[in-house]
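Residue numbering for the sequence shown is 41 to 284, as defined by the numbering used here. Virtual Cβ for every residue (Gly too), placed ideally from N, Cα, C. These numbers were taken from a predicted model, which means no experiment stands behind them. To start, the structure itself, in structure tokens.
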Amino acid sequence: GYLRARRPSRRRLAELTDAVSPGDKRAEATARQIFAEIAAAGWPVGTLLGSEAELMARYDVSRAVLREAVRVLEHHQVARMRRGPGGGLFVAEPGVEAVSDAVTLQVARQGIRPDQLLEVRGAVEMAVLDRVVADLDDEGACTLREVPALERSGSRDGVPVAGQDLHSVLAAVAGNPVLELLTLVLIRLTVLHATAPVGAPGLRATEEVIDVHQRIVEAILAGDHELARHRMRRHLDALVDWMR
């Protein structure tokens, strides 16, 4: 209710759309207008906005301009075009990539250091761990037991920061969608900042991370809160050292 009460009004969104400068590309202006209308409607995921022909007529643009506008909307996970019978432009559900990409731009603009980012990630992940240990049910325990085997069976190629699976699973098991979203965004930001090949974890380091994850899982399943916190804290501190 708090967020809905503070959602930008239709009038404000209309002002933002009208403020598009004449020098902007027509496709970008069209994409902004469609975006503003979706946001004003409360972002109704799955809603059909119209067929290609209907949208061309509604926004008075050519097929080429509309398709470029759709490409922009699809890139930002605002809407998706489905081809064929019953197709058209549908409101999409933004994924964690859209959120984290936006945050990444802000992080870069403000000159935030990776270790500062990981300080926040550590606080969020410890809060997740506390919830999991306090409220773990049988279903969550079964999910956690599967993590070490899944991590060992996964690919070791192209992963800047090894073994992210446990962190995302814990966030899902915690049962708080806000904490889960924050964790997934922070994991993705960590990966995006870990782009330098020098010092990237090799196979041995990957195996060590998976071993640590297994020990964290064992402590959680044993109900040993302090041991689980100790192992997770050391694991996150080691990630900070590696990112530096």
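When the Cα atoms are used, Glu258 and Ala93 turn out to be separated by approximately 58 angstroms. C-alpha of Asn216 to C-alpha of Ala104: approximately 43 angstroms in a straight line.
Between Val131 and Ala119, the gap from beta carbon to beta carbon is short of 8 angstroms. Note that the C-beta distance between Leu206 and Val172 is not below 8 angstroms. Within the model, the alpha-carbon separation for Arg274 versus Ser91 is close to 54 angstroms. For the region 114–183, the continuous alpha helix (DSSP H) assignments of 4+ residues that do not extend past its boundaries occur at 136–150 and 154–175, in sequence order. At a Cβ-Cβ threshold of 8 angstroms, His253 and Glu179 do not count as neighbours.
Of the candidates Pro125, Ala167 and Val139, the residue whose Cα lies closest to the Cα of Ala212 is Ala167. Around the CB of Pro154, 16 or more other CB atoms lie within 10 Å, so the residue is classed as buried. The Cβ atoms of Leu222 and Val164 lie closer than 8 angstroms to each other.
Taking 8 angstroms as the cut-off, the beta carbon of Arg149 is found no closer than this to the beta carbon of Leu261. Our two residues, Leu157 and Arg66, have alpha carbons roughly 37 angstroms apart in a direct line. Sequence-distant partners of Gly86 (beyond 5 residues in either direction) whose C-beta falls short of 7 angstroms from its own C-beta, in its chain, are Phe130 and Val131. It is roughly 21 angstroms from the alpha-carbon of Arg228 to the alpha-carbon of Glu248.
Note on Val110: 16 or more other CB atoms within 10 angstroms of its CB, so buried under the neighbour-count rule.
Nearest to Gly126 by alpha-carbon distance, out of Met96, Glu133 and Leu88, is Leu88.
With 16 or more other Cβ atoms from the protein chains shown falling within 10 Å of its own Cβ, Arg72 counts as buried. His270 and Gly82 have their C-alpha atoms spaced approximately 43 angstroms apart.
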